[in-house]
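Going down the list, the sequences are from chains U and C. For the first sequence, this note's numbering assigns the number 220 to the initial residue and increments by one for each residue that follows. For the second sequence, this note's numbering assigns the number 8 to the initial residue and increments by one for each residue that follows. Read the structure below first, then the notes.
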Amino acid sequence: MMCIGVRNRLGSASVRHIVAVILLAVAISGCSAAGDKPQGEEGVPRMPDGRPDFSGVWAGPGFAHTGKPTDSATVRRYTESNMAPFKPGGQALLNRPYTGNVRLDDPTAVCLPNGLTRQIPSPYAQQWIQTSDQLVVLYEYMHFFRVIPFGPPNRAHAPVDEPTYMGDSIAWWEDDTLVIDTIGLNEWLLDAYHPEDGGSRWHSDQAHVVERIGYTDRSNASYDVTIDDPAIFQAPWVEKWQMQLKPNWKILEFVCDDNDRCRGGNCIESDAQKSSTQ
Amino acid sequence: MKTLDAACAACLVMLAVPTVVAHHSFASEYDRTKPVSVTGVVKKVEWRNPHIWFYVDVKDDRGKVTTWGFSGGPPAFLMRQGISRDVMKTGDVIKVEGFRARDGSNNGSGGKVTFADGRSVFTASAEDVRPGT
Chain U
220 MMCIGVRNRL
230 GSASVRHIVA
240 VILLAVAISG
250 CSAAGDKPQG
260 EEGVPRMPDG
270 RPDFSGVWAG
280 PGFAHTGKPT
290 DSATVRRYTE
300 SNMAPFKPGG
310 QALLNRPYTG
320 NVRLDDPTAV
330 CLPNGLTRQI
340 PSPYAQQWIQ
350 TSDQLVVLYE
360 YMHFFRVIPF
370 GPPNRAHAPV
380 DEPTYMGDSI
390 AWWEDDTLVI
400 DTIGLNEWLL
410 DAYHPEDGGS
420 RWHSDQAHVV
430 ERIGYTDRSN
440 ASYDVTIDDP
450 AIFQAPWVEK
460 WQMQLKPNWK
470 ILEFVCDDND
480 RCRGGNCIES
490 DAQKSSTQ
Chain C
8 MKTLDAACAA
18 CLVMLAVPTV
28 VAHHSFASEY
38 DRTKPVSVTG
48 VVKKVEWRNP
58 HIWFYVDVKD
68 DRGKVTTWGF
78 SGGPPAFLMR
88 QGISRDVMKT
98 GDVIKVEGFR
108 ARDGSNNGSG
118 GKVTFADGRS
128 VFTASAEDVR
138 PGT
């Protein structure tokens with residue numbers, strides 16, 4: 220009744236005007252939402268310059284990739300059968316026996332960094348923020364980050380004064396494939412591989428890591444990681460992983476020290492246990 | 008009915024949840040050779056990083072109560088699997104199967120949690136280890 224009354228007062232011409240304004244507003248709203256991420260014919264998000272846009276929160280290789288808002292963290296380790304043959308003495312550099320020293324057996328157990336090669340398949344979310352001249356990756360796990368400049372392909376890295384856990388990364392484009400090239404890594408854990416005896420796998424400080432990422436559809440990307448570690452292997456080798464966009468996710472706070480009660484297997488009694496009636 | 012459906016859906020989610028992984032290796036903190044299984048009453052749940060912890064009052068044959076502490080998955084893992092922090096409440100009766108901490112204290116990795124009504128939820132940090140697997 221109210222609508223009829225309004226229509227009578229405004230007249231049909233005014234109603235048509237209002238409807239047109241509403242439709243325009245809806246159209247603008249729709250354009251705005253879509254305009255944030257221009258899409259190519261295949262639906263892949265693209266930057267204004269036409270490059271693929273990898274901005275967003277991703278379930279990296281360390282997830283099951285359900286295609287749903289929920290997903291399962293899944294440990295991904297580098298596949299032994301993908302690795303190149305060892306150089307003499309290389310296997311001993313890769314496979315380290317259990318020592319009983321947690322700082323060597325698994326430094327992350329005392330909240331030291333996991334390092335680039337283990338961070339890539341980390342079973343925590345990661346947010347990528349892409350501009351025309353750089354890519355920023357925010358890793359949920361331990362709050363690590365990478366600021367990666369775009370530039371010409373295969374250019375030289377800036378001099379690396381000291382090797383680091385995440386190394387020095389630069390990026391370029393090979394058609395629609397994003398290539399991230401990293402050197403300057405310190406000798407550190409390769410991945411989360413721990414055999415029954417508690418040993419570990421490491422890479423050397425000569426490791427050269429090349430990540431190649433490309434959309435396979437609007438929500439998924441291939442994530443190939445080439446490991447070239449001349450101290451250990453005779454040739455580079457490739458691990459092929461995937462990652463998946465999660466529009467409903469945000470990266471969360473992760474504080475390793477917050478309530479790490481059994482660090483190194485030595486547990487701290489909690490308040491709940493102190494007040495036990497035992 | 009809707010409430011029941013939601014509850015059943017939650018149960019299915021919990022039943023389907025695989026063990027999740029630690030932020031570090033299992034072997035650095037827990038002993039695979041020392042499985043532990045206790046049944047008791049949930050005393051406290053700490054939904055905090057890097058892993059949730061929950062505490063269970065376990066009464067022995069003589070009536071003595073011991074409070075066991077168990078480590079579960081990181082909060083982010085559980086949340087992304089559809090498991091909310093109220094999945095386990097103070098006062099719930101649960102059975103926990105896991106592995107003891109290396110220091111021999113009354114702490115462990117809670118590989119599997121079974122509620123009194125038979126629902127089962129994995130909360131383990133256990134780098135994929137569960138008793139019997």
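In this text, a Cβ means the ideal position worked out from N, Cα and C, and glycines have one as well.
Go through its chain and collect everything with a Cβ distance to U:Y482's Cβ below 7 Å, but skip five positions before and after it.
What sits at residue 482 of chain U in the sequence shown is Arg, not Tyr. Contacts found: A328 and V329.
Tell me whether the beta-carbon of U:L464 lies closer than 7 Å to the beta-carbon of U:S489.
Between U:L464 and U:S489, the C-beta spacing is not below 7 Å.
Within the 7 Å Cβ cut-off, does U:H200 reach chain C?
Since the first and last residues shown for chain U are 220 and 497, residue 200 of chain U lies out of range.
Quick check on the DSSP output: what are the complete beta strand (DSSP E) runs of length 3 or more inside the region 380–454 of chain U, in order along the chain?
387–393, 396–402, 419–422, 427–434 and 439–447
With 16 other Cβ atoms within 10 Å as the buried cut-off, status of C:A34:
buried
Who are the near neighbours of U:E161 in its chain, counting only those whose CB is closer than 6 Å to its CB and skipping five residues on each side?
In the structure as shown, chain U begins at 220 and stops at 497. Residue 161 of chain U is therefore absent and cannot be evaluated.
Taking C-beta pairs closer than 7 Å, name the residues in chain C that U:N485 reaches, listed in chain order.
D110
May I have the straight-line CA-CA distance separating U:Q345 from U:G484, to the nearest angstrom?
29 Å
State yes or no: is the C-beta of U:D187 within less than 7 Å of the C-beta of U:R431?
Within the shown structure, residues of chain U are numbered from 220 to 497, placing residue 187 of chain U beyond reach of any answer.
Looking only at its chain, what residues have a beta carbon closer than 7 Å to the beta carbon of U:R296, apart from the 5 residues adjacent to it on each side?
Contacts found: D410, A411 and Y412.
Tell me whether U:S489 sits in a helix, a strand or coil according to DSSP, three-state version.
coil
Cβ contact check for the region 315–335 of chain U and the region 346–357 of chain U: 3 or more pairs under 8 Å
Segments in contact, no.
What distance in whole Å lies between the Cβ atoms of C:G118 and C:G98, which are believed to be in contact at a cut-off of 8 Å?
Contact doesn't hold; Cβ gap of about 22 Å is too wide.
Cβ-Cβ distance between U:V429 and U:D394 below 7 Å
no
Would you report the Cα separation of U:G249 and U:D477, rounded to the nearest angstrom?
Low local confidence applies: a pLDDT of 36 at U:G249 is under 50, so the model's placement there is unreliable, with the coordinate-based value given in what follows. Going by the C-alpha atoms only, they are around 43 Å apart.
Got a sec? Which residues, its chain only, sit under 6 Å from C:K102 by beta carbon, not counting five neighbours each side?
T46 and T121
U:Y191 and U:E359 closer than 7 Å at C-beta:
Since the first residue shown for chain U is 220 and the last is 497, residue 191 of chain U is missing from the structure and cannot be characterised.
Determine the chain U residues that contact C:K50 at a beta-carbon separation under 8 Å, and present them in chain order.
A491
Got a sec, what are the start and stop residues for the alpha helix (DSSP H) U:D324 sits in?
V321 to D324
Touch test, the region 48–59 of chain C against the region 73–85 of chain C, Cβ-Cβ under 8 Å, three pairs minimum:
yes
With a CB to CB cut of under 6 Å and the five nearest residues on each side skipped, what residues in its chain are close to C:S44?
E104
Helix, strand or coil, according to DSSP, for U:N373 in the structure here?
coil
Label U:H398 either buried or exposed according to how many other C-beta atoms from any shown protein chain fall within 10 Å of its C-beta, with 16 as the threshold for buried.
Reading off the sequence, residue 398 of chain U comes out as Val, not His. It is buried - the Cβ of U:V398 has at least 16 other Cβ atoms within 10 Å.
Of the listed residues U:R480, U:M462 and U:N467, nearest to U:A283 (C-alpha basis):
U:M462
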